Amino acid sequence: MNVVILAAGQGKRMRSDLPKVLHRLAGKPLLGHVLDTARETGAAKICVVYGHGGEQVRAALDAPDLTWALQEPQLGTGHAVLQAMPGAVSSASTLVLYGDVPLIRASTLRRLIKAAGVDSLALLTAHLDNPQGYGRIVRADGLVTRIVEEKDADDAEKAIREINTGILVAPAAALARWLPTLGNRNAQGEYYLTDIVALAVAEGMPVVTAHPDEAWETEGINSKAQLAMLERVYQRNVAERLMETGATLADPARIDVRGELVCGRDAAIDVNCVFEGRVELADCVTIGANCVLKNCRIGSGARIAPFCHIEDAVVGAGGIIGPYARLRPGTELGREVHVGNFVEVKNSSIADHSKANHLAYIGDATIGSRVNVGAGTITCNYDGANKHRTVIEDDAFIGSDTQLVAPVTVGRGATLGAGTTLTRDAPPDQLTVSRAKQLSIPGWKRPVKKKKD
Ligand code: UD1
Ligand code: MG
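Take 15 as the starting number for the sequence shown in our numbering and just add one per residue.
In structure tokens:
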């Protein structure tokens, strides 16, 4: 199967410097959605017809299974498909997709491909209450005879409610025969791909139709408003799938998944959370309101309180995180670890049952089990040139407002007094404290404000 994706149109109505097909839906470029669906149908050869701003499109999405055909100038959809013909396998069929129709589903395409067989022209059509703007499917005695574009249609044709979605499958050899013969004597002065229908009929080739399961599958994006509308459609579908698999959503209209979210049974997600990349929530995880989670795994029963930001991190089973915690890349938390408000963790592991509950920075650290990290503790991991590690062994107790100047190790069971600036290793099981001696000065008087003359 050859796949041709039309993506040369300018997309003026987006009013944007970014080529239309690079605008993102659920965090992925529109064209990326179409490419992934094409791959899902098992397409071996995919050709993208590009034009305006095309180099940027190519740089963003190039892959080994793609070829790129430049269409310059853009003389219509028939002319666009013609540009893709040189690389096509002539013994196979060709599926035509649009780069700005991102939500088409593989199941629909498979039905269309099946309808086409090896020697028919298959059109994906739909019946719309308001068909305005689309090409209309003209039938005689029930059989498709041609497609007429809105701008070329008479009143009777405009009344037809069966429309051309633009997606079709045709034998590649037939396309190679037809496309060079297309004319452009029509209302728009363009080479219409849709004119191949009449050519197929003239040759006696069967023209068949298939329909999408859902109307939104074939909706195209021409404006920011349409982009936002299809984003909502996509997110609603994701939310429904999550609920079907056992997740509890406080409000299916207030979740955004920009990647892949896998939820265990009874995982519960409060409103306004954003999930990016691949996120796994095990059974019974709860995510509070307004969290952003990217590429992370949250173990069973863990509780993420509101307003947390978690990226490239692992939270173990039974963890309690936040509110207002930030877990940065390379964070690995064991079982039942507590990371509280205004605590930042980066490139660090914290083993089972340890706690850092308030206002701390833990960077490049290895922390053992049952460690208590007091409020205001900071790992001084960066000397201005290099990063160094802090090691805190099992059962250590780090007093509040401690600075650990890395590289440094706190031995097993050690206690650091509050306010310590640790610059050398703290031995196990001892109290280590660095602190100016406390003084009280008898008879000391507060200064008083001088009187103005
Ligand atoms: C086309 C169909 C119409 C159908 C409608 C569905 C034709 C002649 N008409 O009309 O029957 O109902 O889509 O949305 O095919 N493109 C190129 N190069 C070009 C022209 C277009 O790559 O020279 C691409 C566009 O980027 C877009 C797609 O082809 O992705 C469709 O182009 P568009 O101008 O939207 O076609 P319509 O006039 O809407
Ligand atoms: Mg269009």
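Backbone N, C-alpha and C fix where the C-beta goes; we use that ideal spot for every residue, glycine too. Because the structure is a prediction, the values reported are computed rather than measured.
Candidates the options: closest to residue i by CA position
i, options, result
"Thr-232", "Gly-113, Lys-26, Val-63, Gln-88", "Gly-113"
"Ala-186", "His-402, Val-17, Ser-363", "Val-17"
"Ala-339", "Arg-403, Phe-321, Leu-189, Lys-463", "Phe-321"
"Gly-234", "Leu-244, His-225, Lys-466", "Leu-244"
"Arg-403", "Thr-416, Val-387, Asp-415, Asp-378", "Asp-378"
"Lys-165", "Gly-457, Ile-455, Gln-202", "Gln-202"
"Leu-111", "Ala-184, Gly-457, Asp-79, Ile-174", "Ala-184"
"Pro-226", "Leu-263, Thr-179, Gly-25, Thr-208", "Thr-179"
"Gly-149", "Glu-176, Asp-133, Met-28", "Glu-176"
"Val-71", "Asp-31, Arg-53, Val-306", "Asp-31"
"Ser-368", "Thr-446, Ser-362, Arg-349, Asn-286", "Arg-349"
Spatial neighbours of residue i in its chain, beta-carbon cut-off 6 Å, leaving aside the 5 residues before and after
i, result
"Val-299", "Ala-281, Ile-312, Ala-316"
"Thr-437", "Val-419"
"Phe-1", "The requested residue 1 does not occur in the structure, where the chain is confined to residues 15 to 467."
"Ala-389", "His-372, Leu-373, Ser-414"
"Thr-159", "Val-152, Val-215"
"Ser-134", "Pro-220, Val-222"
Heavy atom of the ligand UD1 within 8 Å of residue i beta-carbon
i, result
"Ala-296", "no"
"Tyr-206", "yes"
"Ile-118", "no"
"Leu-20", "yes"
"Asn-144", "no"
"Asp-114", "yes"
"His-93", "yes"
"Ile-161", "yes"
"Thr-179", "yes"
"Gln-88", "yes"
"Gly-203", "no"
"Gln-85", "yes"
"Asn-236", "yes"
"Lys-26", "no"
"Tyr-148", "yes"
"Gly-68", "no"
"Val-329", "no"
"Gly-470", "No answer is possible for residue 470: the residues shown for the chain start at 15 and end at 467."
Cβ neighbours of residue i in the same chain (closer than 8 Å, five flanking residues each side left out)
i, result
"Ser-314", "Gly-278, Ala-296, Asp-297, Cys-298, Val-299, Ala-331, Gly-332"
"Met-15", "Thr-55, Gly-56, Ala-57, Ala-58, Lys-59, Ala-106, Ser-107, Thr-108, Leu-109, Ile-127"
"Gly-260", "Cys-277, Gly-278, Arg-279, Asp-280, Ala-281"
"Met-257", "Leu-263, Pro-266"
Endpoints, the alpha helix (DSSP H) within which residue i is located
i, result
"Ile-210", "210-217"
"Gln-70", "68-75"
"Asp-169", "169-172"
"Glu-258", "238-258"
"Val-183", "First-last for Val-183: 176-185, but that is the beta strand (DSSP E), not the alpha helix (DSSP H)."
"Asp-326", "No alpha helix (DSSP H) contains Asp-326, which is instead part of the beta strand (DSSP E) from 323-329."
"Leu-44", "44-54"
8 Å contact criterion, which residue i and residue j should meet: CB distance rounded
i, j, result
"Asp-408", "Val-424", "10 Å between Cβ atoms; not a contact."
"Cys-394", "Ala-420", "6 Å"
"Gly-67", "Pro-33", "4 Å"
"Met-99", "Leu-189", "7 Å"
"Ala-229", "Ala-140", "7 Å"
"Leu-36", "Val-62", "The Cβ separation is near 12 Å, so there is no contact."
Extent of the continuous beta strand (DSSP E) to which residue i belongs
i, result
"Ser-107", "107-112"
"Lys-26", "Taken as a continuous stretch (DSSP letters only), Lys-26 belongs to no beta strand (DSSP E), as it is neither H nor E."
"Ile-127", "Taken as a continuous stretch (DSSP letters only), Ile-127 belongs to no beta strand (DSSP E), being part of the alpha helix (DSSP H) at 120-130."
"Thr-380", "379-381"
"Val-288", "287-295"
"Glu-233", "Neither: Glu-233 is in no beta strand (DSSP E) and is coded neither H nor E."
"Asp-270", "269-277"
"Arg-150", "150-154"
"Arg-311", "306-312"
Close beta carbons around residue i, own chain, < 7 Å, minus the five adjacent residues each side
i, result
"Gly-46", "Leu-75"
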